[in-house]
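There are 2 protein chains.
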Amino acid sequence: MMNKIGKYEFVAEPFHCDFSGRMFLGHLGNQMLNAADFHSTDRGFGMKYLMTIKRSWVLSRLAIEMEEMPSQHERYTIETWVEGAMKFFTSRNFCVSDGNGKVYGYGRSIWAMIDTETRQPTDIYSIDQGAINNWIVDDNPCPIEKGGRVKMSGNAALVRTIDVNYNDIDINGHVNSVKYIEHVLDLWDIAWYREHRLKRFEIAYVAEAHEGEKLSFYREQTSENEYCVRLVKTETTGKETEVCRCMATFSPMNQSEA
Amino acid sequence: MMNKIGKYEFVAEPFHCDFSGRMFLGHLGNQMLNAADFHSTDRGFGMKYLMTIKRSWVLSRLAIEMEEMPSQHERYTIETWVEGAMKFFTSRNFCVSDGNGKVYGYGRSIWAMIDTETRQPTDIYSIDQGAINNWIVDDNPCPIEKGGRVKMSGNAALVRTIDVNYNDIDINGHVNSVKYIEHVLDLWDIAWYREHRLKRFEIAYVAEAHEGEKLSFYREQTSENEYCVRLVKTETTGKETEVCRCMATFSPMNQSEA
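One line per chain: the protein sequences are A and B, in this order. Sequential numbering from 29 applies to the first sequence in my numbering. Sequential numbering from 29 applies to the second sequence in my numbering.
Right under this line is the structure:
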């Protein structure tokens with residue numbers, strides 16, 4: 029029987045690294061989502077199969093916490109496994125390492141399964157007689173906190189508004205999950221990133237944004253080195269809807285890292 | 029002796045594909061640049077080695093012409109080789125195929141070698157006693173036109189101005205070559221891409237833009253389905269400089285493709 033934990037190798041490509049030569053968090057998140065796709069496809073519950081039965085996985089939450097980011101040209105490994113499943117949600121974890129015992133960091137994600145016609149949540153256990161249970165790994169630790177509700181006051185300040193463009197949109201017709209991360213992390217400038225390492229990033233997806241809409245970013249500092257950002261889309265009709273909410277936690281860079 | 033032509037396999041990742049499920053041109057360009065890096069590294073004139081002797085390759089021009097783009101999850105192969113070398117420039121070509129004889133399209137690129145301290149062009153033949161000559165392939169056709177000078181009148185209209193952000197900047201401290209392509213292709217909306225396939229894209233790099241600067245896009249229609257775009261940066265001092273110039277050629281989509 030196939031191993032319950034999937035293990036995939038990647039390389040930190042030069043253009044996926046920032047000014048400091050460390051991987052952008054968005055690209056790392058993208059590779060986590062690729063690893064999730066490889067893992068589920070190999071085990072019979074991937075997107076391609078689900079499409080044939082009019083189902084799809086939808087990413088609901090993602091939290092990534094890194095002690096260090098892979099550097100340009102470095103090889104790294106993403107391990108991924110299903111930690112648990114309920115009727116409407118599964119939790120999938122990630123471990124990013126150098127493949128030789130050095131751990132860079134971890135990820136946690138929550139996925140819903142939807143009916144692609146009604147866009148409503150569907151019962152995950154209805155797939156292949158609850159086969160998801162065969163893949164649950166309950167003894168592999170993921171030592172980072174679960175994503176919680178991102179609490180924000182009404183006082184977050186509007187800091188930027190951008191247009192949703194062609195390159196933001198994926199095959200589902202809406203802004204891809206990774207693009208939100210990139211746009212949020214663009215709210216800080218390089219001077220900030222020279223002095224602060226992004227330690228943890230958390231995103232909860234609420235609604236979908238589309239091309240032609242505008243995205244507004246409301247940011248609030250919630251504690252020292254911790255910021256929350258609410259993204260609101262403005263439809264062409266003028267209607268405003270929250271699309272996602274993020275929390276970014278930074279560590280001040282110490283002299284040796286800077 | 030190592031083959032003069034390098035051959036590398038890739039997969040069209042879901043988040044690197046557009047609303048139609050075809051790869052974004054920017055991501056394909058990125059993989060071409062990765063293939064160039066693999067090829068030159070394997071043959072002793074890669075970026076990593078050049079850094080040790082204070083030299084670097086700088087992309088000067090890139091032209092990509094595609095009959096078809098790889099679709100989501102498809103494997104594709106990029107072959108790359110050096111077509112010719114002069115004192116200050118080399119030309120490197122690309123062929124994108126499915127690895128089984130079906131060609132998707134081609135690329136042509138021109139590279140300069142600079143001294144990383146003076147930022148001035150340096151003699152490519154000074155590296156390892158003109159070793160580049162050992163790698164020239166003069167009998168492999170690349171049946172697309174070379175990039176020429178992109179001619180524009182003074183009448184191009186300012187169509188967009190954006191900020192250069194954290195995610196635009198690579199380890200060299202300036203906007204990465206692929207990001208310009210993405211920003212330019214964002215000038216057209218999905219309604220346009222539903223009816224027009226991007227057949228050829230050409231970009232000539234002139235100067236480097238940095239974080240905190242603004243990029244303005246001046247667009248001009250130069251013939252039916254052909255557009256030229258000039259990118260101008262505005263520095264924090266207000267100084268304006270052309271950074272690159274692009275030409276995009278579209279084909280109207282026929283019924284079966286649309």
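Cβ coordinates follow ideal geometry from the N, Cα and C atoms, glycine included. Predicted model only: the values in this text are computed from it and were never measured.
Just to confirm, are residue i and residue j a CB contact at a threshold of 8 angstroms?
{"i": "N195(B)", "j": "L213(A)", "result": "yes"}
{"i": "E230(A)", "j": "S181(A)", "result": "no"}
{"i": "L186(B)", "j": "H211(B)", "result": "no"}
{"i": "V86(A)", "j": "I142(A)", "result": "yes"}
{"i": "I138(A)", "j": "F122(A)", "result": "no"}
{"i": "I218(A)", "j": "E239(B)", "result": "yes"}
{"i": "P42(A)", "j": "I209(B)", "result": "no"}
{"i": "L56(A)", "j": "V124(A)", "result": "yes"}
{"i": "P149(A)", "j": "A159(A)", "result": "no"}
{"i": "R177(B)", "j": "V234(B)", "result": "no"}
Which stretch, first to last residue, makes up the beta strand (DSSP E) that contains residue i?
{"i": "T269(A)", "result": "E268 to P280"}
{"i": "H224(B)", "result": "H224 to Y233"}
{"i": "L90(B)", "result": "R83 to M94"}
{"i": "L259(A)", "result": "E254 to T262"}
{"i": "I172(A)", "result": "Element bounds for I172(A): n/a, residue is neither H nor E."}
{"i": "E37(A)", "result": "G34 to V39"}
{"i": "Y132(A)", "result": "V131 to D143"}
{"i": "V212(A)", "result": "Looking at the DSSP string, V212(A) is not in any beta strand (DSSP E); the run it does join, the alpha helix (DSSP H), is S205 to L213."}
{"i": "G112(A)", "result": "R103 to A113"}
{"i": "Q249(B)", "result": "K242 to S251"}
{"i": "V124(A)", "result": "F117 to S125"}
Does the beta-carbon of residue i have 16 or more other beta-carbons within 10 angstroms, so that it is buried, or is it exposed?
{"i": "I81(A)", "result": "exposed"}
{"i": "S154(B)", "result": "exposed"}
{"i": "A286(B)", "result": "In this predicted model, A286(B) has a pLDDT of only 49, less than 50, meaning its place in the structure is not dependable; the value taken from the coordinates is given anyway. A286(B) is exposed by the Cβ-count criterion."}
{"i": "Q157(A)", "result": "exposed"}
{"i": "K76(B)", "result": "exposed"}
{"i": "P98(A)", "result": "buried"}
{"i": "D151(A)", "result": "exposed"}
{"i": "R258(B)", "result": "buried"}
{"i": "V271(B)", "result": "buried"}
{"i": "L119(A)", "result": "One detail in the question is off: residue 119(A) reads as Ser in this sequence, not Leu. Buried is the call here."}
{"i": "R83(B)", "result": "buried"}
{"i": "T146(A)", "result": "exposed"}
{"i": "S268(B)", "result": "First, the residue type needs correcting, since residue 268(B) is Glu and not Ser in the sequence shown. Exposed, by the Cβ-count rule."}
{"i": "M275(A)", "result": "buried"}
{"i": "N31(A)", "result": "exposed"}
{"i": "T108(A)", "result": "buried"}
{"i": "M94(A)", "result": "buried"}
{"i": "M60(A)", "result": "buried"}
Looking at the C-beta of residue i, does it have a partner C-beta in chain A at a distance below 8 angstroms?
{"i": "W216(B)", "result": "yes"}
{"i": "L56(B)", "result": "no"}
{"i": "E37(B)", "result": "no"}
{"i": "E41(B)", "result": "yes"}
{"i": "G266(B)", "result": "no"}
{"i": "E210(B)", "result": "yes"}
{"i": "L186(B)", "result": "no"}
{"i": "R213(B)", "result": "Per the sequence shown, the amino acid found at residue 213(B) is Leu instead of Arg. Taking Cβ atoms only, chain A reaches closer than 8 angstroms to L213(B), which makes this a yes."}
{"i": "F117(B)", "result": "no"}
{"i": "G49(B)", "result": "yes"}
In terms of residue numbering, what span does the alpha helix (DSSP H) encompassing residue i cover?
{"i": "Q59(B)", "result": "L53 to D70"}
{"i": "Y194(B)", "result": "Here Y194(B) belongs to no alpha helix (DSSP H), and DSSP marks it neither H nor E."}
{"i": "K76(B)", "result": "M75 to T80"}
Is the Cβ of residue i closer than 8 angstroms to any Cβ of chain B?
{"i": "A286(A)", "result": "Note that A286(A) has pLDDT 49, beneath the 50 cutoff, so the model's placement of it is unreliable and the number below is only indicative. Not closer than 8 angstroms to any Cβ of chain B, the Cβ of A286(A) fails to qualify, so no."}
{"i": "V206(A)", "result": "yes"}
{"i": "Y194(A)", "result": "yes"}
{"i": "G34(A)", "result": "no"}
{"i": "D46(A)", "result": "yes"}
{"i": "S279(A)", "result": "no"}
{"i": "I106(A)", "result": "no"}
{"i": "I231(A)", "result": "no"}
{"i": "I92(A)", "result": "no"}
{"i": "Q100(A)", "result": "yes"}
{"i": "F52(A)", "result": "yes"}
{"i": "I155(A)", "result": "no"}
{"i": "I197(A)", "result": "yes"}
{"i": "G201(A)", "result": "yes"}
Residues of chain D with CB closer than 7 angstroms to the CB of residue i, please, in chain order.
{"i": "E96(A)", "result": "In the structure shown, chain D cannot be found, because the protein chains are A and B."}
Residues, ordered as in the chain, of the stretch 165 to 180 of chain A that lie near chain B by beta-carbon distance below 8 angstroms: So the list is empty, because no residue satisfies the distance condition.
Under 8 angstroms (Cβ pairs) to chain B, residues found in the stretch 61 to 88 of chain A: Going along the stretch 61 to 88 of chain A in chain order, one finds L61, N62, D65, M75 and K76 with a Cβ nearer than 8 angstroms to chain B.
Residues, ordered as in the chain, of the stretch 233 to 258 of chain B that lie near chain A by beta-carbon distance below 8 angstroms: Those would be E239 and G240, in chain order.
Chain-ordered residues of the stretch 124 to 148 of chain A with a beta carbon less than 8 angstroms from chain B: Under the 8 angstroms Cβ criterion, the stretch 124 to 148 of chain A contributes no residue.
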